[in-house]
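First the structure, in the form of structure tokens, and then the observations on it.
Residue numbers (the UniProt record's numbering): 1 to 385.
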């Protein structure tokens, strides 16, 4: 009898122990399953965030390309198809639209906070920058009147070389030998493109070349004149476009006023043409807003590569529309230039990641952030040094 009780107790103990063990195993499995589910959800969230960031970056680049190419093509259409041969007036329209757009975005819609600038600095710093900015845009439009988009865009890619040379000659800045080496394909590509250009025009070529110098001057002056201010593209337009309008309005009226009146009297569809002209100004402002978006959605390296690919897209689309003759060597020169610009941007980025070696001349840094890469109205992306 007692043995039976002991057996029963032992059996109960065994069953209880087995039950506890099974319960622990089940709890462990449940815990591991919950961890697996949590890890899977976390992985899926990270994957979704990554995919969304890639999509957002791609979308920002595409809309930037769209506005940039549209501005270039519409401007060329105005000069060539509408026979509106007045680059000063076109630039003035761009400045007016950009000034209005900047005011609406910052003051009315409040989509971007206003960066406060001292009244004294507006005339001492902003006004000189606006003057160079104005010259830069005007020269770009003048060159676009006389030479094809493909040639003009290729020459604009010469800006990194002019910037480095100006800083070396005027500011006595030292550059790593790899910077100089990266400029060789840019210079070689420009020379090949210029020699083989079938629609070469000396006046347009000089305007584009001096436009590169103006862009480089603007870049260098911005480093000193705008020191202490963190301007984005919208605030840049808000402050500089009104000054640029004021600077350019009188020369445009004096030099092109009579020609515009004659054009209005002789053009078969003047009002439709004027809508296109003012639309180019709206697109020019939208370009600045698109730059603000792409800056915050991509890395500096992606921004640099996308800027060079944008030139290739503009060249291709302009050729499809205007059918300007391009020789094989001319296309090779353009390609070499763009590859050189990409390599130059890569070298600058690589050098910026290296720690400075004590006792050696310091190569000027690449931009502290993508915000310093901002071009201005109707400007091609420049790697600001």
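Beta carbons: idealized from backbone N, C-alpha and C, even for Gly.
The beta carbon of residue 67 is closer than 7 Å to those of 283, 286, 287 and 290 in its chain, skipping five residues each way along the sequence.
Runs of alpha helix (DSSP H) with 4 or more residues, each lying fully within the stretch 197 to 259, are found at 202 to 225, listed in chain order. Excluding sequence positions up to five before and after residue 196, its CB lies within less than 7 Å of the CB of 327, 329, 330 and 333, all in the same chain and listed in chain order. Contact between residue 260 and residue 89 holds: CB atoms are separated by about 6 Å, below the 8 Å threshold. One Cα belongs to residue 142, the other to residue 148, and the distance between them is close to 11 Å. With a beta-carbon spacing of about 4 Å, residue 238 and residue 102 fall inside the 8 Å limit used to define contacts. In this structure, residue 306 and residue 299 do not form a Cβ contact; the two beta carbons are roughly 10 Å apart against a cut-off of 8 Å.
In this chain, the alpha helix (DSSP H) harbouring residue 310 covers 300 to 322. For residue 131, the closest of 221, 54 and 78 by C-alpha to C-alpha distance is 221. Taking every protein chain shown into account, the CB of residue 116 has fewer than 16 other CB atoms within 10 angstroms, so this residue is exposed. By the Cβ test, the stretch 249 to 265 is not in contact with the stretch 160 to 179, since fewer than three Cβ pairs between them sit closer than 8 Å. Two segments are said to touch when three or more pairs of C-beta atoms, one from each, lie closer than 8 Å; by this definition the stretch 116 to 126 does not touch the stretch 67 to 85. In the structure shown, the three-state DSSP call for residue 173 is coil. In this structure residue 275 is exposed. Its beta-carbon is surrounded by fewer than 16 other beta-carbon atoms within 10 angstroms. Going by beta carbons, residue 138 and residue 87 fall inside the 8 Å limit. For residue 277, the enclosing alpha helix (DSSP H) covers residues 270 to 295. Less than 8 Å separates the beta-carbon of residue 84 from that of residue 273.
Counting other Cβ atoms within 10 Å of its Cβ, residue 160 reaches 16 or more and is therefore classed as buried. With distances taken between CA atoms, residue 194 lies nearest to 208 out of 342, 182, 183 and 208.
In the DSSP assignment, residue 339 falls within the unbroken alpha helix (DSSP H) covering 328 to 353.
Burial check for residue 153: the Cβ neighbour count within 10 Å reaches 16 or more, so the residue is buried.
In this model, residue 140 and residue 354 are separated by some 36 Å (Cα to Cα).
Exclusion of the five residues before and after residue 134 leaves 244, 247 and 248 as the residues of its chain whose Cβ lies within less than 7 Å of its Cβ.
Cβ neighbours of residue 292 within its own chain (closer than 7 Å, five residues either side excluded): 232, 233 and 234. When the beta-carbon positions are compared, residue 57 and residue 341 stay at least 8 Å from each other. The three-state reading of DSSP puts residue 139 in helix, counting H, G and I together.
DSSP, read as helix, strand or coil, puts residue 157 in coil.
Contact annotation: residue 95 and residue 241 have beta-carbon atoms nearer than 8 Å. Distance between residue 201 and residue 114, taken at the CA atoms: about 43 Å. Between residue 351 and residue 178, the C-beta gap is smaller than 8 Å, which places the two residues in contact. Taking residue 146 as reference, the option from 320, 205 and 317 with the minimal CA-CA separation is 205. Bounds of the alpha helix (DSSP H) holding residue 87 are 87 to 103.
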